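Peer 1:
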């Protein structure tokens, strides 16, 4: 497998229970270079979120990963300290439901300012405000100054997801992991998300986890996951136009009916 920004080889994720250990994801491999976008698709329970958690160093305490997740020549699974240092700056998670990932007790401006500070920006108060407004506007919010002064519970779900995008823009991301980031939001907010990926993070690699085939088609490559195992992996156009597995055929067929 050729080198890229992120190189995943034989990734498996295991969950420990009182009397047993269960393998949730088994033998996943892929490689992504700058500017490349990979969609990971599958039904609920297929293991998509476990891959997200392994990539972003956020596995639950009873879970562990084996294999190789290499970034900058370092296996993140073996160097937890380095992995934690990357999280939120070089490797950024964009979750589903922006409001849930925001601190409800802090104003939007405080959360954006903290992100700027955490990612090394040394700015005056006015410069921080200007940067926050600029990022909110890039995320498609026209009332940026008003949004800054609000708490997360005072804005809509679509606005919250755009705030999460604005926080992402504060980072120096080389790898973006989007976990159902466009689920349940309006078409305009979806376009704002993809515009950020295309324009502001054009040099970054993107892992886009989704159940939505139509959204997955925006990516270069696709990995189809079923019961924690890869059933197909390749160029998105090839996989969806000529699916080889019955599972992928079913996903494509259901998507065509839903979008008819």
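In our numbering, the protein residues as written are 252 to 511. Built from N, CA and C at the ideal position, the CB exists for glycine as well. This structure is a prediction, so every number in the text was calculated from the model and none was measured.
Is the Cβ-Cβ distance between residue 412 and residue 384 less than 7 Å?
Peer 2: Not in contact: residue 412 and residue 384 (Cβ atoms no closer than 7 Å).
Peer 1: Tell me whether residue 301 is buried or exposed, calling it buried when 16 or more other Cβ atoms sit within 10 Å of its Cβ.
Peer 2: Looking at its Cβ environment, which holds 16 or more other Cβ atoms inside 10 Å, residue 301 is buried.
Peer 1: Among 396, 416, 485 and 370, which one has its Cα closest to the Cα of residue 433?
Peer 2: Taking only the C-alpha atoms, the option nearest residue 433 is 416.
Peer 1: Which residue wins for smallest C-alpha separation from residue 266, given the options 313, 258, 290 and 285?
Peer 2: The shortest Cα separation from residue 266 among 313, 258, 290 and 285 belongs to 313.
Peer 1: If you follow the beta strand (DSSP E) that residue 344 is in, where does it begin and where does it stop?
Peer 2: Run containing residue 344: 342-345, per the beta strand (DSSP E) assignment.
Peer 1: Does the structure place the region 481-500 close enough to the region 316-331 that three or more beta carbon pairs sit under 8 Å?
Peer 2: Segments in contact, no.
Peer 1: Alpha carbon to alpha carbon, what distance is there between residue 327 and residue 333?
Peer 2: Distance between the alpha carbons of residue 333 and residue 327: 7 Å.
Peer 1: Verify whether the separation of the beta carbon atoms of residue 479 and residue 298 is less than 7 Å.
Peer 2: In contact: residue 479 and residue 298 (Cβ atoms closer than 7 Å).
Peer 1: Answer yes if the region 386-397 comes into contact with the region 342-352, meaning at least three C-beta pairs across the two stretches below 8 Å, and no otherwise.
Peer 2: Counting Cβ pairs under 8 Å, fewer than three are found: no touch.
Peer 1: I'd like the list of long-range same chain contacts for residue 295, defined as Cβ closer than 8 Å, with 5 residues on each side in sequence excluded.
Peer 2: Cβ neighbours of residue 295 beyond the five flanking positions: 462.
Peer 1: Which residue wins for smallest C-alpha separation from residue 370, given the options 477, 419, 489 and 381?
Peer 2: When only C-alpha atoms are compared, the closest one is 419.
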